[in-house]
Amino acid sequence: MNILITGATSGIGKQLAEKYLAQHNQVICCGRNEEALQKLRNKYGKQVTTYCFDITDYEAVQLQLAEIHDLDLAILNAGTCEYLDMPEFDAQSYQRVLTTNVQGVANCLEAVIPKIKPNGRLALVGSSASYLPLPRAEAYGASKAAIEYLAKTLMITLKPYDIQVSLVCPGFVKTPLTDQNDFPMPMRINADKAADYIISGLAKGKAEIHFPRRFTGILKLLSKLPFSLQRPIISGLVSRH
Ligand SMILES: NC(=O)c1ccc[n+]([C@@H]2O[C@H](COP(=O)([O-])OP(=O)(O)OC[C@H]3O[C@@H](n4cnc5c(N)ncnc54)[C@H](OP(=O)(O)O)[C@@H]3O)[C@@H](O)[C@H]2O)c1
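In the working numbering, the protein residues as written are 3 to 243.
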């Protein structure tokens, strides 16, 4: 397969890239960290193509991805997370998270959708944070709720064009992103396991891939409750440092 992965330099994206490369696929790895991209080129040679760009830079995304073609699978995984601490609402932090996680994905979608082969697949990496309004995730949760909406809309609107869409909603995964967290992360799994869940879900053609199911199942159940009942339970989930 010919696979494109954004955020392939670290965490979940890097594990996905390494696993798909180990399975002898052609993988287009994207990220900003040129050193990490160089390491992938050194290790996998012609099997890997790398592009170094910031997904928030519209011109750079279109320019860099202009020459890609015939994608069987595009995984838009690059993302960031910053938590807010009320009562100080940091609008610049909010902008950084929304710009990367939402506009950055939109920039990639413009470049990538026309390059997906008929019957190919597009996967957007959201988060199980979009299931519930989690404390301190005012920015991150909102950005991932936007991704959930976007992915579900694209599932409908790209279907007539023979492009299948998957939404990936991980629970907590141990990566440099979550290493910054200063609160307990229940049922956190490693990036290797997360990549296995994603690869298996995509191979089965699943529309929504969420894991670990014990954790995401609880969040999904809670999300069915009226907000007045959710609120006291959620308040204890992500405590302040
Ligand atoms: N870890 C979790 O618990 C968890 C849970 C739910 C969802 N997710 C989602 O999973 C995805 C991957 O997260 P991760 O935990 O693997 O984080 P990570 O280890 O920090 O990796 C993030 C990746 O995104 C890339 N990236 C970030 N901002 C970028 C930008 N502006 N332009 C280009 N590339 C950019 C980084 O590239 P460079 O380093 O090269 O800049 C890096 O490769 C994210 O969308 C995240 O929201 C993670």
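Yeah, the Cβ is synthetic: ideal placement off N, Cα and C, and Gly gets one too.
Looking at the strands, I want to know which residues DSSP matches up with residue i.
i	result
residue 4	28
residue 172	213
residue 33	54
residue 2	Since the first residue shown for the chain is 3 and the last is 243, residue 2 is missing from the structure and cannot be characterised.
residue 191	175
Go ahead and pull the three-state DSSP assignment for residue i.
i	result
residue 230	helix
residue 44	helix
residue 178	helix
residue 243	Interpretation of residue 243 is limited by its pLDDT of 47, a score under 50 that renders its predicted location unreliable; no figure is taken from the coordinates.
residue 119	strand
residue 134	coil
residue 162	helix
residue 11	coil
residue 146	helix
residue 154	helix
residue 21	helix
residue 206	coil
residue 219	helix
residue 139	coil
residue 1	The question about residue 1 has no answer here: the residues shown for the chain are numbered 3 through 243.
residue 235	helix
Between residue i and the rest of its own chain, which residues show a CB-CB distance below 6 Å, the 5 nearest in sequence each way excluded?
i	result
residue 83	142 and 179
residue 107	78
residue 47	none
With a CB to CB cut of under 8 Å and the five nearest residues on each side skipped, what residues in its chain are close to residue i?
i	result
residue 216	189
residue 114	6, 67, 70, 73, 76, 78 and 124
residue 41	none
Return the chain-ordered list of same chain residues with a C-beta closer than 7 Å to the C-beta of residue i, the five sequence neighbours on each side being excluded.
i	result
residue 212	130, 171 and 218
residue 110	8, 57, 63 and 78
residue 27	3 and 5
Quick check: what's the CA-CA separation for residue i versus residue j?
i	j	result
residue 35	residue 43	13 Å
residue 243	residue 86	Note that residue 243 has pLDDT 47, beneath the 50 cutoff, so the model's placement of it is unreliable and no number is given.
residue 197	residue 174	13 Å
residue 157	residue 121	13 Å
residue 191	residue 150	22 Å
residue 238	residue 201	33 Å
residue 22	residue 81	20 Å
residue 205	residue 60	30 Å
residue 159	residue 37	38 Å
residue 195	residue 177	12 Å
residue 99	residue 145	7 Å
residue 236	residue 49	45 Å
residue 13	residue 163	32 Å
residue 231	residue 138	19 Å
residue 169	residue 222	15 Å
residue 15	residue 203	15 Å
residue 25	residue 17	12 Å
*asked:* Going residue by residue through the segment 75 to 111, where are the continuous alpha helix (DSSP H) segments of at least 4 residues, counting only ones entirely within it?
replied: 93 to 100
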